[in-house]
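Everything below concerns the one structure shown next.
What follows is the structure in structure tokens.
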């Protein structure tokens with residue numbers, strides 16, 4: 001902290017243990033309101049470890065040129081405010097145990113350190129202040145001279161991981177070759193290290209992405225963020241070498257992206273408040289993030305509806321790839337992605353957004369609009385310029401119905417250390433299936449109905465394309481399946497259901513499908529989807545994405561000429 005810090009309001013808070021509290025009942029500390037453009041920072045006074053924390057809370061203008069502070073990124077953990085800390089003469093502030101531990105670890109012995117920490121610098125009980133401060137949060141981390149990432153207390157595995165990150169060069173072939181043997185201890189330690197809660201928390205993406213400098217603390221150990229990224233890039237490049245099932249998205253974000261891409265990238269990240277699955281991303285968007293307002297007075301369902309409408313207006317029907325119909329406490333229309341549900345759609349969006357535009361639904365662009373039902377029970381479109389969106393709008397689309405589902409089967413969910421074994425089982429089923437008339441039950445091996453595949457080509461090749469969503473070649477590999485292709489199978493089928501349609505098409509979807517659901521193609525959509533009729537004029541979207549072999553490049557649409565092939569669907 002520089003000596004020429006600007007004038008500010010000061011409120012000195014002395015953090016002491018409960019043993020030294022006076023006998024009279026302490027009162028909660030009352031926050032002083034922040035002026036527009038101001039933030040709070042905390043001066044953590046120098047003390048030895050055994051001495052209770054002593055801090056001063058300052059109000060500072062964020063755009064003040066001489067303002068310097070360190071930002072603290074950590075995991076809240078339990079939301080229970082277990083640490084009541086006395087301040088002023090007879091008041092206290094309450095923080096989580098993780099926040100208290102982070103402050104203890106960042107405190108210096110000989111000089112003060114100025115800190116921004118959300119638990120104390122934002123009045124969490126004041127919704128208006130939370131809204132304003134979250135809108136500023138991107139600038140808060142960008143302004144910080146340093147961001148400390150606090151992962152929690154150290155253990156034996158974290159010490160091995162931190163030592164490896166600090167001491168090894170991750171750029172050369174010799175390092176990769178040497179690690180083919182003798183890397184088990186480090187591999188296990190790094191896996192445990194990257195499995196810490198912080199790496200899957202939604203807020204951490206902006207906290208490190210926008211920071212000028214960052215260091216990672218685990219107990220008393222520190223490593224530079226750039227060294228951790230170097231290790232990550234090495235592991236990513238050599239995933240087949242180390243049998244690595246998952247790497248957290250926070251380590252892979254290198255540039256600003258569109259909101260849709262960020263939402264897909266972070267689908268598996270965690271947040272205590274499901275609204276933060278959107279709010280935590282807005283400071284990292286390229287352009288459109290500012291059109292979604294941070295407002296904690298809004299319920300989560302309305303927020304997700306607003307986001308879907310925004311994505312539709314800015315990118316057509318692309319967002320339907322993320323819409324899957326599963327039970328949830330958050331009620332949204334079936335066509336609105338529920339971002340609180342954690343399943344991976346990143347490979348889906350990357351694969352099919354890479355298709356040339358003329359392949360999208362055979363060359364058609366979005367023929368859809370968002371509607372409401374008026375008092376006369378008539379469908380009425382919402383004008384694009386209207387900012388107010390109703391709670392349960394209807395999506396009106398033009399669709400081509402392709403037939404119903406007559407057979408389906410669950411794919412085993414591949415998790416954790418079992419993923420390698422599960423993939424070998426899948427691979428053995430492919431190798432054991434030969435001949436030109438393979439039955440569906442032979443391929444799946446789980447007692448599914450005996451439907452014979454009717455598409456052109458070898459059924460086993462059709463099954464291979466389906467179980468890889470067309471990402472690993474048109475034909476099943478001869479002999480053993482390579483680790484790389486086995487990984488493609490694993491990432492594609494994990495949590496999905498295989499199905500076959502009445503007309504003999506084989507497909508794969510993450511949706512909660514049922515017998516009698518219909519496969520359809522929407523004008524302007526990237527992939528086929530699955531719908532279910534709920535009443536004469538209305539349908540629900542069961543799965544916004546499915547892989548349907550032989551229909552992914554507009555082949556079906558190309559054979560249908562004229563408007564008579566399309567019908568209007570109203571999706572609730």
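In the UniProt record's numbering, the protein residues as written are 1 to 572. We treat Cβ as the ideally placed atom computed from N, Cα and C, and that holds for glycine.
Residue i to residue j span [Cα, whole Å]
| i | j | result |
| --- | --- | --- |
| residue 213 | residue 517 | 52 Å |
| residue 607 | residue 184 | Limits of the chain in this structure are 1 at one end and 572 at the other, which puts residue 607 out of reach. |
| residue 399 | residue 568 | 6 Å |
| residue 382 | residue 339 | 24 Å |
| residue 148 | residue 36 | 26 Å |
| residue 203 | residue 275 | 12 Å |
| residue 218 | residue 118 | 19 Å |
| residue 356 | residue 526 | Residue placement at residue 356 cannot be trusted, given a pLDDT of 33 that sits under 50; the coordinates are not used to answer. |
| residue 583 | residue 168 | Here the chain comprises residues numbered 1 to 572, so residue 583 is not present and cannot be evaluated. |
| residue 392 | residue 329 | 15 Å |
| residue 404 | residue 263 | 31 Å |
| residue 80 | residue 53 | 20 Å |
| residue 503 | residue 406 | 9 Å |
| residue 515 | residue 265 | 31 Å |
| residue 513 | residue 50 | 59 Å |
| residue 473 | residue 190 | 33 Å |
| residue 220 | residue 198 | 17 Å |
| residue 283 | residue 309 | 20 Å |
| residue 188 | residue 144 | 34 Å |
| residue 111 | residue 120 | 21 Å |
| residue 253 | residue 536 | 46 Å |
Residue i in three-state terms, based on DSSP
| i | result |
| --- | --- |
| residue 96 | coil |
| residue 324 | strand |
| residue 568 | strand |
| residue 47 | coil |
| residue 203 | coil |
| residue 398 | strand |
| residue 214 | strand |
| residue 252 | coil |
| residue 507 | strand |
| residue 485 | helix |
| residue 35 | coil |
| residue 130 | helix |
| residue 314 | helix |
| residue 552 | coil |
| residue 286 | coil |
| residue 299 | coil |
| residue 135 | helix |
| residue 380 | strand |
| residue 191 | helix |
Cβ-Cβ distance between residue i and residue j below 9 Å
| i | j | result |
| --- | --- | --- |
| residue 545 | residue 281 | no |
| residue 134 | residue 279 | yes |
| residue 298 | residue 222 | no |
| residue 379 | residue 131 | no |
| residue 58 | residue 114 | yes |
| residue 367 | residue 553 | no |
| residue 76 | residue 96 | yes |
| residue 538 | residue 401 | no |
| residue 153 | residue 324 | no |
| residue 333 | residue 307 | no |
| residue 271 | residue 196 | no |
| residue 157 | residue 192 | yes |
| residue 273 | residue 296 | yes |
| residue 573 | residue 341 | Lying outside 1 to 572, the shown extent of the chain, residue 573 is not represented and no answer is given. |
Contact belief for residue i with residue j at Cβ below 8 Å, rounded distance in angstroms
| i | j | result |
| --- | --- | --- |
| residue 369 | residue 396 | 5 Å |
| residue 216 | residue 151 | 6 Å |
| residue 540 | residue 571 | 7 Å |
| residue 40 | residue 56 | Actually they do not touch by this definition, with Cβ atoms about 10 Å apart. |
| residue 528 | residue 519 | 6 Å |
Beta-carbon proximity list for residue i, same chain, < 8 Å, skipping 5 on both sides
| i | result |
| --- | --- |
| residue 573 | Absent from the structure is residue 573, since the part of the chain shown begins at 1 and ends at 572. |
| residue 468 | 485, 488, 489, 492 |
| residue 331 | 301 |
| residue 106 | 44, 70, 72, 113, 115, 148, 150, 217 |
| residue 47 | 53, 54, 107, 109 |
Contact set for residue i: own chain, Cβ-Cβ below 7 Å, skip 5 residues either direction
| i | result |
| --- | --- |
| residue 590 | The structure shown does not extend to residue 590, since the chain spans only 1 to 572, so no value can be given for it. |
| residue 350 | Per-residue confidence for residue 350 stands at a pLDDT of 43, beneath the threshold of 50, marking its modelled position as unreliable; the derived number appears in the next sentence. Contacts found: none. |
| residue 229 | 251 |
| residue 415 | Summary for residue 415: the model assigns pLDDT 45, below 50, so the residue's position carries little reliability; its value from the coordinates is reported in the next sentence. Counting only Cβ-Cβ distances below 7 Å, and skipping sequence neighbours, we find nothing. |
| residue 477 | 485 |
Nonlocal neighbours in the same chain, by C-beta distance under 6 Å from residue i, ignoring five residues either side
| i | result |
| --- | --- |
| residue 84 | 92, 94 |
| residue 549 | 462, 465, 466, 506 |
| residue 227 | 165 |
| residue 434 | Residue confidence is low: residue 434 scores 37 on pLDDT, short of 50, so the model does not pin down where it sits. Its coordinate-derived value is still stated next. Excluding residues within five positions, none has a Cβ falling inside 6 Å. |
| residue 532 | 517, 540, 542 |
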